[in-house]
Amino acid sequence: MGRDVKTMKATASGGNPEISYRRSDGDTFRYQCQVSNGTVVWRGFMNDTQDWGRWRSSYAEGDSRLTYSVSGSKLTVESTQSEPETFTKKSF
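Listed below in structure tokens is the structure:
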């Protein structure tokens, strides 16, 4: 959260959606998501090891819980560590 969604690219990767973006300094970031029952669990790609990190589902240890809901034409994403964000089709 906190990035302009229009700067991100989404693809399918082995059954899990993959989101990527490039920062203005040229660094690239990749994430895979598991989406189920209004919850999103993610993991990041570690450029230094060229491998995927752990799934961020250890909520008791401090991982943020991400949830989403759709109401009409609005998508709202909520995190336990930030304010909710609402998107419309124009956002993408």
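First residue of the sequence shown? That's 293 in this note's numbering, and the numbers climb one at a time after it. C-beta: ideal position from N, C-alpha, C; glycine also. For clarity, every value in this text was computed on a predicted model and none was experimentally measured.
Do residue 335 and residue 351 have their beta-carbon atoms positioned less than 8 Å apart in this structure? Taking a C-beta distance under 8 Å as the contact criterion, residue 351 and residue 335 do not qualify as a contact pair.
Note down, in chain order, each residue of its chain lying with its Cβ closer than 6 Å to the Cβ of residue 361, except the 5 sequence neighbours on either side. Short of 6 Å from the beta carbon of residue 361, and not among the five residues preceding or following it, lie these beta carbons of its own chain, in chain order: 368.
Tell me, to the nearest whole angstrom, how far the beta carbon of residue 313 is from that of residue 303; I am working on the premise that it is less than 8 Å. Not quite, the Cβ-Cβ distance comes to about 12 Å (not below 8 Å), so this is no contact.
For residue 328, which three-state DSSP category applies? Here residue 328 sits in strand by DSSP.
So if DSSP puts residue 338 in a beta bridge, which residue, or which two residues, is it bridged to? Listed as beta-bridge partners of residue 338 by DSSP are 343.
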